[in-house]
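The structure appears below as structure tokens.
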Amino acid sequence: MFDTHCHIDEEAFVADREEVIARQRAAGVEAMIVPGVNVASIDTVLEVCRQHPGYCFPALGLHPEDVKADWQTALQTVEKAIRAHRSELVAIGEIGLDYYWDKTYKTEQQEVLRRQLLLARELDLPVILHNREATEDIIRIVKEISNLRYPSSIVHCPLSIVPLRGVFHCFNGSKETAQQILEMGFYLGIGGVLTFKNCKLADTLSDLNNTPSLEGRVGERLLLETDAPYMAPVPHRGERNESRFIRHVAERLASVFSTTPDAIIAQTTTNAKRLFGL
């Protein structure tokens, strides 16, 4: 199993991080992506990943909830770290838009997203996208940056050489939104929400897979993730989430696609390695 989104560096794991990782290994989790979210997480993400080389893979970025009054300074610091540690990173993220809690810095969030997407093209890295209550804007901006023939920071490099690519983390949108994301060449990150009662995501994925234009290839664009320590799946809701719980997501996906959990795990692991270049 490959957990493509786990905040194992965060405070929730400080007391027993090594025990948690040992449990994950024993449960069959073979690797995880550890995304950064702000300036403070630059050091914590890199430290954890350096302690577990070949198992924890780092990504750095400025999360939309961390876009505040000091956003320019924060972004410059994060961008500098991304450039300095490019050889270690497998992605830029977690980045995106979030209008759920606060729209005070809505315009600034969009500018931060644009700049980080441009940096991803310049450095040829995939992106990990956070989207909450901002679907129309995030898709518009991703298309905008994707369609730039010569991004300003790489004036001699045509679009075909550095296409924008990545994953929409914690996807729980409509079939129409999913189709747009897949048409852009992006992946869908599927986590614990799939197991929640009354969640419509299972029906969305099933309908999507039966869409003639996709020819049953939706599974090739899905990634497993936990967002640990958040969003624990059933039957662990209310607990601290851990990567080993990702098997419950795989089991639910298997029922959606009428296959086995092992087949889902194998396909999504292949997908993850392809996207993140591992």
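Per this note's numbering, residue 122 is the first one in the sequence shown, and the count goes up by one each step. Ideal placement from N, C-alpha and C gives every residue a C-beta, glycine not left out.
Thinking C-beta only, is residue j closer than 8 angstroms to residue i?
| i | j | result |
| --- | --- | --- |
| residue 326 | residue 377 | yes |
| residue 104 | residue 216 | Limits of the chain in this structure are 122 at one end and 399 at the other, which puts residue 104 out of reach. |
| residue 373 | residue 316 | yes |
| residue 310 | residue 370 | no |
| residue 199 | residue 163 | yes |
| residue 126 | residue 290 | yes |
With distances taken from CA atoms, which of the options is nearest residue i?
| i | options | result |
| --- | --- | --- |
| residue 296 | 331, 396 and 317 | 331 |
| residue 320 | 298, 292 and 303 | 292 |
| residue 262 | 143, 196 and 238 | 238 |
| residue 286 | 158, 393 and 169 | 393 |
| residue 302 | 323, 264, 338 and 396 | 264 |
| residue 284 | 267, 347 and 290 | 267 |
| residue 340 | 355, 305, 359 and 388 | 388 |
| residue 165 | 358, 191, 133 and 258 | 133 |
| residue 104 | 137, 220 and 142 | Examination of residue 104 is not possible in this model, given that the chain is present from 122 through 399 alone. |
| residue 234 | 185, 142, 144 and 154 | 185 |
| residue 224 | 190, 214 and 196 | 190 |
Using DSSP with H/G/I as helix, E/B as strand and the rest coil, what is residue i?
| i | result |
| --- | --- |
| residue 285 | coil |
| residue 154 | strand |
| residue 427 | Examination of residue 427 is not possible in this model, given that the chain is present from 122 through 399 alone. |
| residue 177 | strand |
| residue 120 | Since the first residue shown for the chain is 122 and the last is 399, residue 120 is missing from the structure and cannot be characterised. |
| residue 265 | helix |
| residue 187 | helix |
| residue 345 | strand |
| residue 310 | strand |
| residue 223 | coil |
| residue 212 | strand |
| residue 129 | coil |
Per DSSP, which residues does residue i bridge with? Please list them.
| i | result |
| --- | --- |
| residue 123 | 152 |
| residue 217 | 251 |
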